[in-house]
Amino acid sequence: MAGAFNLENEVFKSFLACGAAVVIKMQCMGPITSFQRAKHKAWTNPEDARARGKEPKYSEDVERVRRCHLNDLENIPAFLALGAMYVATNPSPTAAIWHFRVFLVSRILHTFFYLKGKQPGRAICYIVGALVNVSMAIHTLCTVFS
Amino acid sequence: MAGAFNLENEVFKSFLACGAAVVIKMQCMGPITSFQRAKHKAWTNPEDARARGKEPKYSEDVERVRRCHLNDLENIPAFLALGAMYVATNPSPTAAIWHFRVFLVSRILHTFFYLKGKQPGRAICYIVGALVNVSMAIHTLCTVFS
Amino acid sequence: MAGAFNLENEVFKSFLACGAAVVIKMQCMGPITSFQRAKHKAWTNPEDARARGKEPKYSEDVERVRRCHLNDLENIPAFLALGAMYVATNPSPTAAIWHFRVFLVSRILHTFFYLKGKQPGRAICYIVGALVNVSMAIHTLCTVFS
Numbered sequence: 013m014a015g016a017f018n019l020e021n022e023v024f025k026s027f028l029a030c031g032a033a034v035v036i037k038m039q040c041m042g043p044i045t046s047f048q049r050a051k052h053k054a055w056t057n058p059e060d061a062r063a064r065g066k067e068p069k070y071s072e073d074v075e076r077v078r079r080c081h082l083n084d085l086e087n088i089p090a091f092l093a094l095g096a097m098y099v100a101t102n103p104s105p106t107a108a109i110w111h112f113r114v115f116l117v118s119r120i121l122h123t124f125f126y127l128k129g130k131q132p133g134r135a136i137c138y139i140v141g142a143l144v145n146v147s148m149a150i151h152t153l154c155t156v157f158s
Numbered sequence: 013m014a015g016a017f018n019l020e021n022e023v024f025k026s027f028l029a030c031g032a033a034v035v036i037k038m039q040c041m042g043p044i045t046s047f048q049r050a051k052h053k054a055w056t057n058p059e060d061a062r063a064r065g066k067e068p069k070y071s072e073d074v075e076r077v078r079r080c081h082l083n084d085l086e087n088i089p090a091f092l093a094l095g096a097m098y099v100a101t102n103p104s105p106t107a108a109i110w111h112f113r114v115f116l117v118s119r120i121l122h123t124f125f126y127l128k129g130k131q132p133g134r135a136i137c138y139i140v141g142a143l144v145n146v147s148m149a150i151h152t153l154c155t156v157f158s
Numbered sequence: 013m014a015g016a017f018n019l020e021n022e023v024f025k026s027f028l029a030c031g032a033a034v035v036i037k038m039q040c041m042g043p044i045t046s047f048q049r050a051k052h053k054a055w056t057n058p059e060d061a062r063a064r065g066k067e068p069k070y071s072e073d074v075e076r077v078r079r080c081h082l083n084d085l086e087n088i089p090a091f092l093a094l095g096a097m098y099v100a101t102n103p104s105p106t107a108a109i110w111h112f113r114v115f116l117v118s119r120i121l122h123t124f125f126y127l128k129g130k131q132p133g134r135a136i137c138y139i140v141g142a143l144v145n146v147s148m149a150i151h152t153l154c155t156v157f158s
């Protein structure tokens, strides 16, 4: 039972790959926000606005990126913690690898649909990612209490 | 000292149980937000509002759920990371298991009190959860530097 | 390859120290927010404002702390997850320890510069922290796919 967290465990390697990739996606939201702020000349902090000779301004396009980023914060750190817990329960490799891949793809598509304002794509991707998280949490609880 | 993260370690099992349960609680905030948006017909994204023949609208009841969710994001991912670090330091089992249980109960009650607008229950639960986090962080630092 | 997560591994010990310290820094944002709310008599929740005989009020100084805290949430949980993944890939100890130290210092200075409204210090610290995260993510991906 020892040693789920080593690089000879295919489940752990898959988790590392999907986890690192989804965090890189999340980190991209910062530069996308900065790009939208520059494009719409809309900064929230007075020191940022005034350095460009502007007053603080609200932009719906900036807020959209920020809502998308906040949705990431609601789901991706939970995935990273639950994924590691799930790896520790020695799940079926096929099931585990597909949990990780489906989550990664759902969050990339969620960002795409959110920034484009497309429904129901955004809602479906959110639900799929959340269900992966809940599935891993239930599997972990069942293993611990069995 | 090797192998804190295996299922024969009672401390790790308790962490898995409380950690998975508190993430399930956090994931419930998404559906609760959706429910409040539908109840008050208050959507922020134009594509969501217009699909129901409405304009984007602000609702204090929706914002309350979102503030509660944000408070979760400020405390629960920190707990998940600190809890795993704390498990790695081989703490006293009794102390560790009570840290995890108290955190779980404090966050469930925090949500209940926040959504009902009850003080000082909400503040007390927030402080208890934050103190659990700080206690685990200090224990980890003391172990590393001893 | 087994056993990266034990206290005889200097890389893991450094991660525990920097990770616990940066979470303590993040947890301080809650009390700083409360202090600014009390100083400016600006509470968002009606039950908090009315308990002091006030109406809910907006304060730019409170919002500044909250934006700084949100920036922490966008970067610190990602660091905690990526740092643990990176430790699992058995990186060069010197490189790893400096990744962790640079991140910790960059986030402490980021908070200082954000609360003082100082640019370009804030932007530089944000970028340094984000680059540490991306560097650890790329290292993890390279190890997994090599």
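Protein chains in written order, with the numbering used here: chain A, 13 to 158; chain B, 13 to 158; chain C, 13 to 158. All residues carry an ideal CB built from backbone N, CA and C; glycine is no exception.
Cβ-Cβ distance between residue 141 of chain B and residue 104 of chain B below 8 Å: no
For residue 85 of chain B, would you say it is in contact with chain C, using Cβ-to-Cβ distances shorter than 8 Å as the test? yes
Who are the neighbours of residue 145 of chain B on chain C, taking C-beta pairs under 8 Å? 35 and 39
Give a yes or no on contact between the region 127-138 of chain C and the region 93-112 of chain C, applying the rule of three or more CB pairs nearer than 8 Å. no
Top-ranked residue by Cα proximity to residue 169 of chain C, from C/151, C/148 and C/45: It is not possible to answer for residue 169 of chain C, since the shown part of chain C is limited to 13 through 158.
Curious, which full-length alpha helix (DSSP H) runs of at least 4 residues does the region 21-70 of chain B contain? 22-39, 41-52 and 58-63
To test your reading of the DSSP string, which unbroken alpha helix (DSSP H) runs of 4 or more residues are found completely within the region 125-158 of chain A? Within the region 125-158 of chain A, the complete alpha helix (DSSP H) runs of at least 4 residues are 133-157.
Is the distance from the Cβ of residue 77 of chain A to the Cβ of residue 38 of chain A below 8 Å? no
For residue 49 of chain B, does the count of other Cβ atoms within 10 angstroms reach 16, so buried, or fall short, so exposed? The residue is buried, with at least 16 neighbouring Cβ atoms inside 10 Å.
Quick check on the burial criterion: 16 or more other C-beta atoms within 10 angstroms. Buried or exposed for residue 107 of chain B? exposed
Spatial distance of residue 149 of chain B from residue 66 of chain B (CA atoms): 47 Å
Do you know how far the Cα of residue 86 of chain A is from the Cα of residue 89 of chain C? In a straight line, the C-alpha of residue 89 of chain C is about 11 Å away from that of residue 86 of chain A.
Verify whether the separation of the beta carbon atoms of residue 153 of chain B and residue 152 of chain A is less than 8 Å. no
Coil, strand or helix - residue 112 of chain C by DSSP: DSSP, read as helix, strand or coil, puts residue 112 of chain C in helix.
Residue 94 of chain A, DSSP secondary structure in three states: helix
Kindly give me the distance between the Cβ atoms of residue 79 of chain C and residue 56 of chain A, rounded to whole angstroms, as I take these residues to be in contact under 8 Å. 7 Å
Using three-state DSSP, classify residue 102 of chain A as helix, strand or coil. coil
Please determine, among C/155, C/23 and C/146, the residue with the shortest C-alpha to C-alpha distance to residue 36 of chain A. Ranked by Cα distance from residue 36 of chain A, the first of C/155, C/23 and C/146 is C/146.
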